[in-house]
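Numbering (the working numbering), first residue to last: 7 to 475. By construction, the Cβ of each residue, glycine as well, lies at the ideal position given by its N, Cα and C atoms. Model, not experiment: these values are computed from the prediction. Below you'll find the structure, written out as structure tokens, and then a few comments.
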């Protein structure tokens with residue numbers, strides 16, 4: 007069952023922990039820091055005692071700990087210091103809106119060139135400090151309840167901190183920017199900056215001076231009702247899939263006889279051999295590519311990350327915020343990318359660790375694809391799929407689920423309307439379907455109907471044709 011977060015209340019304090027010894031060539035003065043949330047600065051004077059031109063790199067970092075959200079921010083500033091001169095450096099110091107303990111550091115490197123990789127032996131100065139942001143009593147009850155965002159949005163700097171998620175809840179309650187600033191002890195300018203960012207990304211609208219959230223904020227009571235509904239739908243799906251597996255096998259046998267599927271189950275470069283492997287077929291293709299799309303977008307492709315990427319994850323059409331933590335969230339990751347001549351499907355029955363290059367936000371702003379990799383333990387197994395062949399088998403496996411999906415849609419819509427919304431948005435449906443699909447997979451495995459394959463992480467790409475054996 008749902009359990010509130012236990013939040014440790016401590017006093018505000020700022021503590022400088024250490025500073026390393028400085029070299030004889032470069033002298034770093036005392037550091038003045040503006041330790042409020044937002045884009046701040048670490049200001050200090052640096053003196054070059056040598057007759058040489060010096061290139062300095064200043065790195066700042068803030069790392070929160072002790073909460074269910076532990077945002078990290080790192081910034082790099084570059085300085086060219088003339089011979090035998092002093093300069094005042096104003097290094098970027100970004101502090102995300104989070105409560106609890108934050109450890110910070112300011113590090114200065116004497117580098118050969120500012121475009122080179124920083125090496126540990128180039129460090130000439132380091133200052134470490136700690137801050138503790140104490141939550142006001144007025145928001146303490148809110149902080150006891152975790153707020154979860156969609157997969158990949160959870161990790162984005164826009165929503166990886168408590169204040170941004172808390173702001174959605176407070177906006178949903180009708181609070182103004184000024185009221186939110188007062189309740190959270192934040193600068194009004196910082197809250198206004200966050201609001202403008204949400205506005206520009208389509209998460210809120212300003213209609214005649216009134217804020218309208220463009221995503222559902224799902225409370226614990228609503229989530230409890232939806233979860234029970236999802237469990238009932240999942241039970242029906244488990245029974246349906248179990249009963250339809252013999253039909254699926256008969257269709258597979260017919261496809262083999264017709265030459266549409268190879269007789270060799272290990273012919274991985276063939277688009278039909280995927281049908282020999284029930285777990286990726288059921289988990290990714292049936293529950294998401296087929297049924298998930300029918301439930302969430304109906305006939306339109308389920309392009310959650312359309313016009314964005316899985317690092318920037320700007321998905322206004324599929325956004326939601328749900329209170330109550332992991333208990334009220336599914337664990338599946340699904341991403342369909344579709345072009346004119348190619349598509350790919352990424353799927354995980356658990357949320358994969360994805361490591362994005364540091365410049366992913368800049369790349370997104372430039373409409374370029376950022377570099378990213380899967381974390382250790384989440385390497386995907388790849389399959390080719392012939393969509394025509396696979397769809398025939400999926401239809402047999404799905405059976406008569408259309409009526410179940412339609413009833414479920416109207417039930418979810420009624421629930422959403424009972425909490426003041428006009429409809430069940432794509433975001434609401436996406437969140438709900440993840441509950442359904444995740445539980446269905448667990449039950450299918452527990453009952454021995456299908457066996458989990460590998461680490462549950464798969465990639466699908468289209469079959470390009472060729473001779474079948």
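Own chain, CB closer than 6 Å to residue i, minus 5 neighbours either side, in chain order
i	result
residue 218	211
residue 27	Its pLDDT being 46, under 50, residue 27 is placed unreliably in this model, and the value from its coordinates should be taken loosely. Closer than 6 Å at the Cβ level, and outside the excluded window around residue 27, lies no residue.
residue 366	317, 376
residue 455	248
residue 71	107
residue 290	353, 464
residue 270	none
residue 369	376
residue 440	336, 338
residue 243	446
residue 201	183
residue 141	105, 149
residue 35	50, 51
residue 14	Low confidence applies to residue 14: its pLDDT is 36, below 50, so where it sits in the model is not reliable enough to give any reading.
Residues bridged to residue i [DSSP beta-bridge criterion]
i	result
residue 362	378
residue 334	Residue 334 is not bridged to any residue.
residue 219	210
residue 87	60
residue 434	BP columns for residue 434 are empty, so no partner.
residue 191	Residue 191 pairs with nothing; no bridge assigned.
residue 109	69, 136
residue 390	467
residue 116	62
residue 33	53
residue 395	BP columns for residue 395 are empty, so no partner.
residue 98	47
residue 350	343
residue 224	328
Option in the options with minimal Cα separation from residue i
i	options	result
residue 272	237, 390, 366, 349	390
residue 231	42, 280, 418	418
residue 112	86, 69, 91	69
residue 180	257, 426, 128	426
residue 356	345, 340, 362	340
residue 252	38, 31, 402, 49	402
residue 131	432, 33, 372	33
residue 364	184, 80, 205, 86	80
residue 360	73, 162, 191	162
residue 372	408, 263, 315	315
residue 408	221, 299, 175, 447	299
residue 58	39, 118, 378, 114	118
residue 241	459, 458, 449	449
residue 323	178, 49, 30, 222	222
residue 215	233, 182, 228, 192	182
residue 169	275, 127, 190	190
residue 129	173, 37, 31	31
residue 467	45, 116, 405, 349	349
residue 254	90, 405, 431, 325	405
residue 246	331, 196, 297, 205	297
residue 429	178, 220, 86	220
residue 431	209, 250, 313	209
residue 424	229, 379, 331, 346	229
residue 204	266, 358, 173	173
residue 135	40, 151, 86	40
Whole-angstrom C-beta distance between residue j and residue i, which should lie under 8 Å
i	j	result
residue 302	residue 436	6 Å
residue 392	residue 469	4 Å
residue 416	residue 236	Contact flag wrong, Cβ pair sits at about 15 Å.
residue 110	residue 137	7 Å
residue 99	residue 66	5 Å
residue 327	residue 171	6 Å
residue 257	residue 399	5 Å
residue 293	residue 446	6 Å
residue 434	residue 422	6 Å
residue 226	residue 329	5 Å
residue 481	residue 192	Residue 481 is absent from the structure shown; the chain starts at 7 and stops at 475.
Cutoff 7 Å; reference residue i; Cβ partners in own chain excluding five residues on either side
i	result
residue 167	75, 77, 102, 103, 104
residue 492	There is no way to answer for residue 492, as the model of the chain reaches only from 7 to 475.
residue 307	299, 342, 344
residue 458	285, 451
residue 89	54, 56, 57, 58, 59
8 Å CB neighbourhood of residue i in its chain, flanking five on each side removed
i	result
residue 239	410, 414, 442
residue 396	277, 278, 280, 281, 287, 291
residue 262	268, 269
Subject >> Three-pair Cβ contact test at 8 Å for the region 452-472 versus the region 377-388 >> reply: They touch, by the three-pair rule.
Subject >> Validate contact between the region 94-104 and the region 60-75 using beta carbons, cut 8 Å, 3 pairs >> reply: Enough Cβ pairs lie closer than 8 Å, so yes.
Original post:
Okay, do the region 311-328 and the region 142-160 touch, 3+ Cβ pairs below 8 Å being the bar?
Top reply: By the Cβ test, the region 311-328 is in contact with the region 142-160, since at least three Cβ pairs between them sit closer than 8 Å.
Original post:
Any contact of the region 144-153 with the region 118-130, i.e. 3+ C-beta pairs under 8 Å?
Top reply: Cβ pair count under 8 Å is below three, so no.
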